[in-house]
Every structure is written in C-alpha cells, then in structure tokens.
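**Q** Starting off with a structure, shown below.
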Amino acid sequence: MSQETPYIFDATTADFDQSVIENSFHKPVLVDFWAEWCAPCKVLMPMLQTIAEGYQGELLLAKVNCDLEPDIVARFGIRSLPTVVLFKDGQPVDGFAGAQPESAVRAMLEPHVQMPPPAAADPFEQAQALFDDSRFADAEAVLKVLLGEDNTNAGALILYARCLTERGELAEAQTVLDAVKSDEHKAALAGAKAQIQFLGQAKDLPDAADLKARLAKNPQDDEAVYQLAIQQLARQQYDAALDALLKLFIRNRSYSEGLPHKTLLQVFELLGNDHPLVTTYRRKLFAALY
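Counting with my numbering, you get residues 1405 to 1694 for the letters of the sequence shown.
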C-alpha cells in the first residue's frame, strides 16, 4: 500500500518528528494509521492519496504502518484502525476513526487546508475565452505574448487576426492571415478570411438593427434581405445568412443581376468544400436550380 510522491510518504519512529511534527508548521499533515490486515484501511488509503494529490502540496499525507511502528501507536494512543489525525503547527487539530466517505474527509480538512490556486490557463484558451466574452483588447494582449514566443502558431495567428478585424484593422488582419501556412485550422482560417471580406462590404451598409426593422415592416424588401445577409456574413452568422440568400435567390433570381447566387458561390469558395454548411447549402442550391 505504498505510494510515495512529494506529498505522500511513509512515516517511521525514526523520522516522525521531522516528517510530521516539523512539516506541520509549514503545511498541514494528515497522518493515516493503518495495517496490512485492516480491510477498511485498504479502502480508505487510496481515497486519502487522491485527496492529498488534489491539494498539490498544500496538504501532506503521512502513512504509519502500525504493525511496524508500535512506538508511534503508543505515543498517540491509537486504539482502532484506521485512525486519521490532522497535524497543524506541531499539534493534532482534528481527525476521525473508522472509514469515512470522501465528503466527510474533505469537510474535516476544509477549515485547515488551503485549496491550491487554480492551474494557469493555457494562453490560447485564455485568449479564446476573452475573445468570446468580447474583450478583444485583452485577448489581443495575451496573443501578442503567445506569438512573441512562437510566431508560427496558426491558431493564435487566426485569433489575433480576428481581434484586429473587430477593431476595423482589416488590411492588417489580412496580412496576419496570409502568414498562416499550416492546414491545421483550415476551416477557422477560411472563416476569418470570409469575415474580413464581408466586413469590408458591410461597413457601407445600414446596420443590422435597421435592416431588421425594415424587414419587419416589409418581409419582401429584397434589398434589406440581401444587406442583412451581408451583415450576418460579416459577423460569421453563416447559417442565417446562407438561408436568407438562398430564399432570396429562389424568390427573385434576377435581383441585382443574380447577386444572391453569386454571393452564395462566393461563401462556398471562402468557407471551403469541407465546411458542413457548404455541403448543406450547395445541395439546396442545386435543388433550387434544377
């Protein structure tokens, strides 16, 4: 039942004062009194090991084999197994006898042991979370550090370009995307390039709220339908945009010299044949044409 780690160790008569008493002035030390013949001990110990590892060094677990260390057993008056005692600042401060559920053990530890700080987030995941929360400047700052370490990180380059896009730096964003050489993020790269292209078109159009208000008054306003689709493409709302463009094409094929059809084909090219929406809407367009 031995599992030695930096946080889990056997304690003996020879080293108990150092390994438990002295250590407890720095970190709480949980002492598990056990024996090979004790079945409940064998159930409890793996759980205590898991808990100790979870504290990542904020809690130490010392194991005392009572058959081998009768002096320690006598010193602390251990009468039944398993017995678990928590030491802090050189003194026993809490404990229990007999097997306990994990929730009870954690409740006993909670007042005495600090939880470890959360693990540092992966920089890219942190940047993605900031971007998703519309904190574009913060995301950009994280990405600059990440790209300073590796300027070939395709995922970081694409997300950085999207940050630039969000603040209107479309030419700079395109330059960043052109630097992406990996095929690992093909769909994300195509989407970012499409967004830049449609944002360039959308900046001269009425905003989406005004276009939706026009369509609420007149759902047959073809110009509003098309312009709203462009705004949606600029915001990467591809499903809504493709649906609107297809319906407009079916209803009015001659609108602006077939512009909805041309735009659908443009989106297909930009997103790539592997994109699931392209597969779906290419099939729908084919059915509408033939």
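C-beta atoms are modelled at their ideal positions from N, C-alpha and C, and glycine is treated no differently.
Exposed or buried, what is Ser1406 when buried is set at 16 or more other beta-carbons lying within 10 Å of its beta-carbon?
**A** With a pLDDT of 49 at Ser1406, under the threshold of 50, the modelled position of this residue cannot be trusted, and the question is left open.
**Q** Excluding the 5 residues preceding and the 5 following Asp1554 in the sequence, name in chain order all residues of the same chain whose CB lies nearer than 8 Å to its CB.
**A** Excluding positions up to five away in sequence, the list reads Ala1560.
**Q** Counting along the chain, where does the alpha helix (DSSP H) carrying Leu1551 start and finish?
**A** Residues Phe1540 to Glu1553.
**Q** What do you reckon, are the CB atoms on Phe1491 and Ser1538 nearer than 8 Å?
**A** It is not a contact, given that the beta carbons lie outside the stated cut-off.
**Q** For the alpha helix (DSSP H) containing Thr1684, name the first residue and the last one.
**A** Per DSSP, Thr1684 belongs to the alpha helix (DSSP H) from Pro1680 to Leu1693.
**Q** Taking 8 Å as the threshold, find out whether the region 1538-1549 comes into contact with the region 1477-1489 through three or more Cβ pairs.
**A** The region 1538-1549 is not in contact with the region 1477-1489.
**Q** Starting from the Cα of Tyr1694, find the closest Cα among Gly1595, Ile1654, Val1682 and Asn1677 and give me that residue.
**A** With distances taken between Cα atoms, Tyr1694 lies closest to Ile1654.
**Q** Measuring straight from C-alpha to C-alpha, what distance separates Gln1504 and Ala1511?
**A** Looking at the two C-alpha atoms, the distance is approximately 11 Å.
**Q** Grab the span of the alpha helix (DSSP H) containing Ala1418 for me, first residue to last.
**A** Here Ala1418 belongs to no alpha helix (DSSP H), and DSSP marks it neither H nor E.
**Q** Given a cut-off of 8 Å, decide if Ile1634 and Ala1592 are closer than it, judged by their beta-carbon atoms.
**A** It is not a contact, given that the beta carbons lie outside the stated cut-off.
**Q** How long is the line joining the alpha carbons of Pro1621 and Ala1628, rounded to whole angstroms?
**A** Position check: residue 1621 holds Lys in this sequence, whereas Pro was assumed. Near 11 Å, if we compare the C-alpha coordinates of Ala1628 and Lys1621.
**Q** Quick check on the burial criterion: 16 or more other C-beta atoms within 10 angstroms. Buried or exposed for Lys1616?
**A** Lys1616 comes out exposed.
**Q** Thinking C-alpha only, which one of Ser1658, Ala1443, Lys1651 and Asn1677 is nearest Ala1691?
**A** Of Ser1658, Ala1443, Lys1651 and Asn1677, the residue nearest in Cα terms is Lys1651.
**Q** Terminal residues of the continuous alpha helix (DSSP H) containing Arg1475?
**A** In the sequence as displayed, the identity of residue 1475 is Asp instead of Arg. Residues Pro1474 to Phe1480.
**Q** Along the beta strand (DSSP E) that carries Ile1412, what are the first and last residues, could you check?
**A** Unbroken beta strand (DSSP E) run through Ile1412: Ile1412 to Asp1414.
**Q** Please give me, in chain order, every unbroken run of the alpha helix (DSSP H) with length at least 4 that falls completely inside the region 1432-1479.
**A** 1443-1458, all fully within the region 1432-1479.
**Q** On a Cα-Cα basis, can you pick out the residue from Tyr1630, Arg1483 and Tyr1642 that is closest to Ser1658?
**A** Among Tyr1630, Arg1483 and Tyr1642, the Cα nearest to that of Ser1658 belongs to Tyr1630.
**Q** Go ahead and pull the three-state DSSP assignment for Gln1636.
**A** The answer is helix: DSSP assigns Gln1636 an H, G or I state.
**Q** Closest by CA to Asn1469, which one among Trp1438, Ala1443 and Gly1499?
**A** The residue with the shortest Cα to Cα distance from Asn1469 is Trp1438.
**Q** List the DSSP bridge partners of Pro1496.
**A** Looking at the DSSP assignment, Pro1496 forms a beta bridge with Phe1491.
**Q** Reducing DSSP to helix, strand and coil, say where Thr1667 ends up.
**A** Correct three-state label for Thr1667: helix.
**Q** Going by alpha carbons, who is nearest to Ala1531 out of Ala1598, Phe1413, Glu1473 and Cys1567?
**A** The option with the nearest alpha carbon to Ala1531 is Cys1567.
**Q** Please report the straight-line C-alpha distance between Leu1550 and Asp1582, rounded to a whole angstrom.
**A** Using only the alpha carbons, I get a separation of about 18 Å.
**Q** On the three-state DSSP scale, how would you describe Leu1675?
**A** Residue state, collapsed to three classes: helix.
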